[in-house]
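Report on the structure given below.
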RNA sequence: GCCCCCUUAGCUCAGUGGUAGAGCACUUCCAUGGUAAGGAAGGGGUCCGCGGUUCAAAUCCGCGAGGGGGCUCCA
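Numbering (the working numbering), first residue to last: 11 to 655.
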């Protein structure tokens, strides 16, 4: 063995240490504060426990608690402590896996019954006790046989060892385990030095979860928790959870009287109240107008079709689980509610012989589809059984595909920006193993998608092999006001449907050629899009989307007539104004308008009647302005509520 | 679909074997008010539904409906 090993620090300086030096010792040589902040260290990208001897040199890095990597280690260690607490408290408990996840960790158990809220509370204090004891985590490498013996009464651990999962610390004939006090778990590591390093841990809830996520396997009880590097970060995280709750579109939709989900209707079905339906109308008008302005043709199609159509399209083969059951009509014909619009748009394409001169043909529809979502996955407007897509199918030649995709992505981003979103990310899904169509065509389509992302300057990740069997696609995700990521737009190339339906066009050389098809939805589902907008804006829609743009409040009822005149003037200027002539005090009316998130509040009293003015209070400004001339106020509100185009 | 939790007035929620409650909203009256809740009176309930246990069920049990948290993050 060498006398010394060389570690290259992040500043590229090289330092020699004796073999077997620990990460902690190295960190201390750099500085005591760094050593204190260290969670683990990395040598050539491999994580080491702080007290694990380093036997060979390489690029050295200290991972601190403030980094995502450091937090993962903390959460992972917290998961161990949770398992320790459960095994202590419930003799005979079986434990499965317990990884760190975004913002926290979980661990899956089988204790023969579900956990109660009291159990969770008890386990939380039990974890605090283990943390207070500051038990050291010790890494051990043991023989596979020894591991099987050690976990002989743990069926999930035995399965993990038998399956030889490297990610679980199970290597080639050897196994890594971590031990603290009398608790031991299979684990690749690394961990914090001791339980005392866990400064901010909190259990959140329990839930059922299938072993290996497979509903045909036993259902375990999962406990979720969160862990952070200090109590301040934990408190900030809990605050973020509360903020998300405040923005919940289901609650705001109720409070702002936008929509509801009456039990009489059935699960996953919404009704839209006047204000909510007005917001939808504004969004839908925008959608139709922008599509017309971008050379799309609007089509309209029915909600049901014969089984035959869904056989040709392949939906009954590949999508039957997502479809409502058929209704039997004339002569035993089965009709299905449509889960997608594509076959209908294809029928429009097929309604006439097509020439290359007509391509690209862009058929657009706000098409309402019905999908049978499993009851357990329904969620407000975000996951629903009947919804309307801003759907389009574009038929073009292979040569036109690249340009078409480029224009499409630009169009998509324009639309999303018009609704106030600014941060986007994309996934590019490429050819899976089982795929139809010429691989060369796939490559060209995928390259075209990639090029469109590059040109648009959109950050993206490649999801290798994640494309559908019928073509590559781009999914566009956006970040909302509190940083949550929502998948919204999809641009999907389809080589299969043109074949299924034997689509053709006549080329310039009078040859019959097969077009390529692109499916795309920008807002995706209008329902879900409204839900996202509600959460993004906390219900305070931008002026042009607000159901009521201006509330006109008479100070006393002798001002009602003037208030109606003011509202009429606003209406003439194209603004949605409403007079609040309730028998309430002005304070009450102001409160109603403000809590209703109305962008502009106009107060009119004696002075205003006399002077032809209004008192103006804007949602996004503090305080109010008295005696604003009516013309001036109208002009300002028109500007405030101007639509994006 | 599966596991756990929830469902009481239009809304938010209290009540947990013994006569159904509060605040807000609604109706009427008084007050005519200048920027986030003026006052009074009143109406309003198949306590989600159906069965069961009990002298007695909103309350306990079973089934069903609807809602919520999960079931994708690999020790």
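Built from N, CA and C at the ideal position, the CB exists for glycine as well.
- Segment contact: the region 517–537 against the region 364–377, three or more CB-CB distances shorter than 8 Å; contact assigned.
- With distances taken between CA atoms, residue 307 lies nearest to 355 out of 355, 516, 568.
- Note that the region 485–492 touches the region 425–440; at least 3 beta-carbon pairs, one per stretch, sit closer than 8 Å.
- In the displayed model, residue 323 falls within a helix according to three-state DSSP.
- Each of 395, 236, 188, 212 was checked against the Cα of residue 275, and the nearest Cα belongs to 395.
- Distance from the CA atom of residue 65 to the CA atom of residue 79, rounded to whole angstroms, is 23 Å.
- Judged by DSSP in its simplified three-state form, residue 546 adopts helix.
- Each of 34, 53, 31 was checked against the Cα of residue 20, and the nearest Cα belongs to 53.
- Take residue 447, set aside five residues on each side of it, and the residues of its chain with a beta-carbon closer than 6 Å to its own are 505, in chain order.
- Counting only unbroken stretches of 3 or more residues, the beta strand (DSSP E) elements lying wholly within the region 464–545 are 470–473, 483–489, 495–504, 526–535, in sequence order.
- Take the alpha-carbon of residue 28 and the one of residue 44: they are about 20 Å apart.
- The straight-line gap separating the alpha-carbon atoms of residue 591 and residue 597 is approximately 13 Å.
- If you draw a straight line from the Cα of residue 186 to the Cα of residue 214, it comes to about 29 Å.
- Boundaries for residue 389: no alpha helix (DSSP H) harbours it, and the DSSP string shows neither H nor E there.
- One thing to note: residue 293 has its Cβ within 8 Å of the Cβ of residue 540.
- Taking the C-beta atoms as reference points, residue 472 is found nearer than 8 Å to residue 440.
- When DSSP states are grouped into helix, strand and coil, residue 277 belongs to the coil group.
- The alpha helix (DSSP H) runs lying completely inside the region 285–347 and spanning 4 residues or more are 317–323, 325–328, given in chain order.
- Taking every protein chain shown into account, the CB of residue 449 has fewer than 16 other CB atoms within 10 angstroms, so this residue is exposed.
- A direct Cα-Cα distance of roughly 12 Å separates residue 161 from residue 193.
- Check the Cα spacing between residue 427 and each of 383, 552, 340: the tightest is with 552.
- Non-local beta-carbon contacts of residue 364 in its own chain, meaning distances under 6 Å to residues more than five positions away in sequence, involve 515 in chain order.
- Taking a C-beta distance under 8 Å as the contact criterion, residue 503 and residue 563 do not qualify as a contact pair.
- Bridge partners of residue 371 according to DSSP: 405.
- With a contact defined as Cβ atoms closer than 8 Å, residue 407 and residue 512 miss out at about 16 Å.
- In the DSSP annotation of this structure, the continuous segment of the alpha helix (DSSP H) that includes residue 138 starts and ends at 127–142.
- The three-state secondary structure of residue 587, taken from DSSP, is strand.
- Short of 7 Å from the beta carbon of residue 142, and not among the five residues preceding or following it, lies no beta carbon of its own chain.
- About 11 Å separates the CB atoms of residue 180 and residue 158; that is not less than 8 Å, and the two are not in contact.
- Take residue 628, set aside five residues on each side of it, and the residues of its chain with a beta-carbon closer than 6 Å to its own are 610, in chain order.
- A distance below 7 Å between beta-carbons, with the five flanking residues on each side excluded, links residue 259 to the following residues of its chain, in chain order: 390, 391, 541, 544, 545.
- Counting of Cβ neighbours within 10 angstroms places residue 72 among the buried residues, the total reaching 16 or more.
- Contact between the region 79–97 and the region 234–245 is present: 3 or more CB-CB pairs across the two stretches fall below 8 Å.
- With contacts defined as CB atoms closer than 8 Å, residue 154 and residue 130 fail to qualify as a contacting pair.
- Counting of Cβ neighbours within 10 angstroms places residue 290 among the buried residues, the total reaching 16 or more.
- About 56 Å separates the Cβ atoms of residue 124 and residue 14, ruling out a contact at the 8 Å cut-off.
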